[in-house]
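Q: When the letters of the sequence shown are read in order and numbered with UniProt numbering, they come out as residues 1 to 627. Built from N, CA and C at the ideal position, the CB exists for glycine as well. Below you will find the structure I want to go over with you.
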Amino acid sequence: MAGSPVGPGQGVFQPGDSPYAQSDASHAAHQILQLRQSGSTPTAAWSAVRDPAGSVSQQTVFLGESSPLTCVIDEGRRSPEKGSSSALQKTRLHYPIPERLDVNTTRDDALRAQKTKMEVHLNADGAFSYPPSDTCSKLLNAYFTWFHPCFPILDRATVQQSYTSGSISPLLLQSMLFIGVSLCTDTAFAQIEFTDRYRAKFLFYSRAKEIYDADWESNKTIKLQSLFMLSFWRGGPSEERDTRFWLGVAISLAQKRGMHVMSKFSFQSADEEKLWKRIWWALYIRDQQSAAALGLPPRIRDEDCDVAMLDPEDIREYEKTAEAPEIFGTQEVQDIFYPVEMAKLAKLLRTIVSSQYLPMQSAIDPSSRDVLHQQLVDWESALPAELKLENAEHSRAIFLTGLLHMTHCNLYILLYRSLFLRPSNAHMERLGRIALEAATKSTRIIEDMLSHNLAQHGPTHLITHAFSTLCIHTINCRRTSGTTRKLSEHRARLCLLGLQELQKSWDLENWVLNLFFRCLDDGTAANLRLTDVMAPSVHVPPQTEHDGDDHDSVHTDTSPNGLMPSHDQDPTFLPSFPTFPNAHAGELDAPADLFGLFNFTDDLSDVVGSTQDSLNLQNLESLYRFL
C-alpha cells in the first residue's frame, strides 16, 4: 500500500489531534477496497489506532516521587480551594502539558510544515508501502497465531477495526508484518512475493525503523507496541540497534509514562488499565529474559515498580472480532493463562539471577537455593489444568505449554548449573543432577514441538533455552560413556535440530554453531554433527538468469523502495564476521582464527580436563551468553 503525496483537500493526521484521526478514518472507509485489493492506502488514511490510555498519557507528563516538582505541586494541591484529596490523588504524578501541535494556533506552523515534508520523504522511500492484501492477511494471521498469544500487547478487536477501516498506524502495521513474516509457516511464505525470508524481514523492519526515526508516529502507546516488536530484530554483535537497544527504548518510554508505578493511578476504563498491564509485563518478561541470557543487568528493577501481577481477566477478550477470524484469529483458553504464568516465571528468573549470578557475590547461600527450588515446585503445582503438559492435545496447547515448561526447566538449569559443573562433594553432585534432569525434560519438549512442526514459531527466548539444554547434554556426553553417552548425544542432536528450525525465524547465525563445535573435542563434535546443517551465515539470494530482476520486490506501483537492496551491496547490512570458505552442506567446521572473536583466559582444566581433547567449557558459556 503506497501513500500518495498530500493533495488539496486531503486531511493529514496531526500528532496529538485525535479528532483528525477520527475524521481521516471515516474519510478512508470508502477507500478500503484499495487497501484490501490493490495494496495502497491514501494519505488521508494514515491515522493511528485509538490510544486507550490517551487520557493520562497523550496530554500529560509523569514525574516520580523524587522529582522536586512533585513536592511543590503536592504542597499547592493541599490548599482548600483545590478540591478533595481523594480526587487529586487519582491524577497525582501525571501533570498536564500543552499539545505539541495545536491546530488552533499558528506557532506550530513550522512543525506542521516539517510534518508534511517528512511525509513526502517517507512516502518516497517506500515506508508507507505494503504488499498486496492477500500477503498482508497471511502475515497478520501468523502474527495473531504465534506472537499474540505469547505477548498480547495489542487489542485484537481495535486492530481489526482500524485495519478494516484503513486507519491503522503505518508504524504498527510494518512492525506487525515484520513479526508475521518471521513466524509464518514455510507453506505460507512460499505463497507470498518473497523468495528469501531474511530479506523480507529486513524490508519490514527497515520501513518500521524509518517511520520511527522520523518521529512520524505521535501515539505513544503505538510507539511502545511497535518498539516491542522491533526488539525481535536479531542484529549481530557489532550492530548497535539490536534486541537490547529497541527493548531499552521501549522500557524508557514506558517508564516515562509511569507504567512502572501504574498501581498509583486511577484509569478511566478497565480496558485502559488492562492494556497497560499487558504491555508492561511483556516488557518485563523480555527484559529479564534478554538480560539473563546475555549476562547483563536488567533495565527494570523490581524495587522501582508498583504494578499488580497479571491476572487472567487482564488477558481475557470479551469483544470478539466481528469479521475476518481467518486473519485476526480468536482467543483460545490457553492464551488467557499463558502470559500470566510467564510473568510469574520472569519474577522467579529475576530472583534466581540476582541471588546466584551477581558479579560481586562471594558465595551463594544454600538456603536461598532451597527457597527458590520450592518456589519453582509451588509454581508447577499451582498451574491451571489448561497449561499442564499432559493435557496439551492440539497444536496451540502443545506450543504454549511447551514454551512455558521449557522456561520453567531453564530456571532449574540456572539454579543448579554451577553445582552440575563444579560439585564440591557427593551431595552437591546429586543436586547438580537436577540441572541434567531439567535439560532432559526440555529435550522431550523440543522433540514434541519438532514432531508437530512448532519449533520454528517459538519466540527468541526458546533459542536460549534450547542452547542452555544443549550445553548441559554436551558436557554430560563428555563425562559419561556407553549407553548414557549415546543418550546424551541423541538429546544434544535434538537440541541442534530445534535450533535449526528456529533459525528459519530468528536468524541463528551459522557461525555461532560453528563456534559451538569448536568448543568441543573432535570426537564429540563428530558425533553431534548434523548432516543437514543450517544454511550458510551469509544470506545469499538465489541467482537468476536476469541479474536485474529482484523477486523479493513488493508489487506496489508507487514505491521507489519496493525492491529490497542486495545484501552484498550494502556494507552496513551484515556484521563483519569472517566468511567460511568451507561452509558447505554437511560441514560445521570453523576456521582457527574464529577464536579471535572471544578472549578466554580462565583455566577450567579442573572441570573438563587438561588435554587437547577436552571440551572448552568457558567457550560454551560465552556462546550461551551471546545466544
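Once you ignore the five residues that flank Gln-375 on each side, which residues in its own chain have a CB closer than 7 Å to its CB?
A: Position 375 of the sequence shown, counted from the start, is the residue given in the question as residue 375. Result list for Gln-375: Leu-348, in chain order.
Q: With a 10 Å radius around its C-beta and 16 neighbouring C-beta atoms as the bar for buried, classify Arg-316 as buried or exposed.
A: Here residue 316 corresponds to residue number 316 of the sequence shown, with the count starting at 1. Result: exposed.
Q: Is the separation between the beta-carbon of Thr-351 and that of Leu-383 shorter than 8 Å?
A: Taking the first residue of the sequence shown as position 1, residue 351 is located at position 351. Taking the first residue of the sequence shown as position 1, residue 383 is located at position 383. For Thr-351 and Leu-383, no; Cβs fall outside 8 Å.
Q: Is Val-307 helix, strand or coil when you go by DSSP?
A: In the sequence shown, counting from the first residue as 1, residue 307 sits at position 307. Coil.
Q: Can you tell which of Ser-367, Ile-192, Leu-387 has the C-alpha that lies nearest to the C-alpha of Phe-337?
A: Residue 337 sits at position 337 when you count from the first residue of the sequence shown. For the residues Ser-367, Ile-192, Leu-387, the minimum Cα distance to Phe-337 belongs to Leu-387.
Q: Around the C-beta of Asn-453, are 16 or more other C-beta atoms found within 10 angstroms, so that it is buried, or is it exposed?
A: Counting from 1 along the sequence shown, the entry for residue 453 is found at position 453. Answer is exposed; the Cβ neighbour count stays below 16.
Q: Measure the Cβ-Cβ separation of Cys-409 and Lys-441 and say whether it is below 8 Å.
A: Within the sequence shown, residue 409 is the residue found at index 409, counting from 1. Within the sequence shown, residue 441 is the residue found at index 441, counting from 1. Their beta carbons are under 8 Å apart, which means Cys-409 touches Lys-441 by this criterion.
Q: Given a cut-off of 8 Å on the beta-carbon distance, is the pair Leu-345 and Thr-407 in contact?
A: In the sequence shown, the residue the question calls residue 345 occupies position 345. In the sequence shown, the residue the question calls residue 407 occupies position 407. Contact: yes.
Q: Please classify Asn-141: is it buried, with 16 or more other beta-carbons within 10 angstroms of its beta-carbon, or exposed?
A: What you label residue 141 is simply residue 141 of the sequence shown in a count that begins at 1. Answer is buried; the Cβ neighbour count reaches 16.
Q: Can the beta-carbon of Ala-308 be found less than 8 Å from the beta-carbon of Ile-279?
A: Translated into the one-based positions of the sequence shown, residue 308 becomes position 308. Translated into the one-based positions of the sequence shown, residue 279 becomes position 279. No, they are not a contact pair.
Q: Going straight from the alpha carbon of residue 628 to that of Ala-110, what length do you get?
A: Given that the chain is displayed from residue 1 to residue 627, the structure contains no residue 628 and the question cannot be resolved.
Q: Grab the span of the alpha helix (DSSP H) containing Ser-252 for me, first residue to last.
A: The residue given as residue 252 occupies position 252 in the sequence shown. Per DSSP, Ser-252 belongs to the alpha helix (DSSP H) from 243-256.
Q: Over the uninterrupted alpha helix (DSSP H) stretch that includes Gly-235, give me the two end residues.
A: Within the sequence shown, numbered from 1, the residue matching residue 235 stands at position 235. Where Gly-235 is concerned, there is no enclosing alpha helix (DSSP H), given that its DSSP letter is neither H nor E.
Q: Just the Cα atoms here: how many angstroms apart are Pro-565 and Leu-358?
A: Indexing the sequence shown from 1 puts residue 565 at position 565. Indexing the sequence shown from 1 puts residue 358 at position 358. Bear in mind that a pLDDT of 33 at Pro-565, under 50, signals an unreliable position, so the number given afterwards is only what the model happens to contain. Approximately 44 Å between the Cα atoms of the pair.
Q: To the nearest angstrom, report how far apart Phe-267 and Gly-235 are at their CA atoms.
A: Taking the first residue of the sequence shown as position 1, residue 267 is located at position 267. Taking the first residue of the sequence shown as position 1, residue 235 is located at position 235. Cα to Cα, Phe-267 sits roughly 37 Å from Gly-235.
Q: Could you tell me how far apart the beta carbons of Val-181 and Arg-197 are, in whole angstroms, since I believe they sit closer than 8 Å?
A: In the sequence shown, the residue the question calls residue 181 occupies position 181. In the sequence shown, the residue the question calls residue 197 occupies position 197. Confirmed, Cβ separation roughly 7 Å.
Q: Tell me, to the nearest whole angstrom, how far the beta carbon of Met-262 is from that of Met-229; I am working on the premise that it is less than 8 Å.
A: For the purposes of this step, residue 262 is identified with residue 262 of the sequence shown, where counting begins at 1. For the purposes of this step, residue 229 is identified with residue 229 of the sequence shown, where counting begins at 1. Not quite, the Cβ-Cβ distance comes to about 21 Å (not below 8 Å), so this is no contact.
Q: Quick check: Phe-399 and His-457, are their CB atoms within less than 8 Å of each other?
A: As a working note, residue 399 is residue 399 in the sequence shown. As a working note, residue 457 is residue 457 in the sequence shown. Contact: yes.
Q: Can you name the start and end residues of the alpha helix (DSSP H) that Arg-493 belongs to?
A: Start at 1 with the first residue of the sequence shown, and residue 493 comes out as number 493. Start and end: 482-506.
Q: Do you know offhand how far Cys-305's Cα is from Lys-277's?
A: Counting from 1 along the sequence shown, the entry for residue 305 is found at position 305. Counting from 1 along the sequence shown, the entry for residue 277 is found at position 277. Looking at the two C-alpha atoms, the distance is approximately 12 Å.
Q: How long is the line joining the alpha carbons of Asp-334 and Pro-149, rounded to whole angstroms?
A: To locate residue 334, count along the sequence shown from 1; it is residue 334. To locate residue 149, count along the sequence shown from 1; it is residue 149. Residue identity differs from the one stated: residue 334 is Gln in this sequence, not Asp. The alpha-carbon atoms of Gln-334 and Pro-149 are separated by roughly 8 Å.
Q: In whole angstroms, give me the CA-to-CA distance for Pro-366 and Arg-244.
A: Start at 1 with the first residue of the sequence shown, and residue 366 comes out as number 366. Start at 1 with the first residue of the sequence shown, and residue 244 comes out as number 244. If you take the alpha carbons of Pro-366 and Arg-244, they lie about 32 Å apart.
Q: For Arg-485, which residues of its own chain have a beta-carbon under 6 Å away from its beta-carbon, when the five flanking residues on both sides are left out?
A: The sequence position of residue 485 within the sequence shown is 485, counting from 1. Excluding positions up to five away in sequence, the list reads Cys-477.
Q: Could you check how far apart the C-beta atoms of Cys-495 and His-461 are, in whole angstroms? I think they sit under 8 Å.
A: Position 495 of the sequence shown, counted from the first residue, corresponds to residue 495. Position 461 of the sequence shown, counted from the first residue, corresponds to residue 461. In this structure Cys-495 is not in contact with His-461, their Cβ atoms being roughly 15 Å apart against a cut-off of 8 Å.
Q: Any idea if Tyr-143 is buried or exposed, counting beta-carbon neighbours within 10 angstroms, 16 or more meaning buried?
A: In the sequence shown, residue 143 corresponds to position 143, counting from 1. Buried, since its Cβ has 16 or more Cβ neighbours within 10 Å.
Q: Please tell me whether Pro-312 and Val-353 are closer than 8 Å, where the distance is taken between their beta carbons.
A: Along the sequence shown, read from residue 1 onward, the residue named residue 312 stands at position 312. Along the sequence shown, read from residue 1 onward, the residue named residue 353 stands at position 353. Taking 8 Å as the cut-off, the Cβ atoms of Pro-312 and Val-353 do not count as close.
Q: Taking just the CA atoms, how far does Val-61 sit from Leu-101?
A: The residue you call residue 101 lines up with position 101 of the sequence shown. The residue you call residue 61 lines up with position 61 of the sequence shown. In this prediction, Leu-101 has a pLDDT of 46, which is less than 50 and means its spatial position is unreliable; what the coordinates show is noted afterwards. Roughly 16 Å separates the two Cα atoms.
Q: Hey, quick one: how far does the alpha helix (DSSP H) through Tyr-205 stretch, first residue to last?
A: One-based indexing of the sequence shown puts residue 205 at position 205. Segment 197-213, the alpha helix (DSSP H) holding Tyr-205.
Q: Quick one: what's got a C-beta closer than 6 Å to Met-342's C-beta in the same chain, skipping five residues either side?
A: As a position in the sequence shown, residue 342 is number 342, starting the count at 1. Around Met-342: Ile-285.
Q: To which residues of the same chain is Glu-437 closer than 6 Å at the C-beta, ignoring the five residues directly before and after it?
A: Here the question's residue 437 lines up with position 437 in the sequence shown. Same-chain partners within the cutoff: there are none.
Q: Could you name the residues of the same chain whose beta carbon sits closer than 6 Å to that of Ile-327, not counting the 5 residues immediately before and after it, in chain order?
A: Counting from 1 along the sequence shown, the entry for residue 327 is found at position 327. Excluding residues within five positions, the ones whose Cβ falls inside 6 Å are Ser-137, Leu-140, Asn-141.
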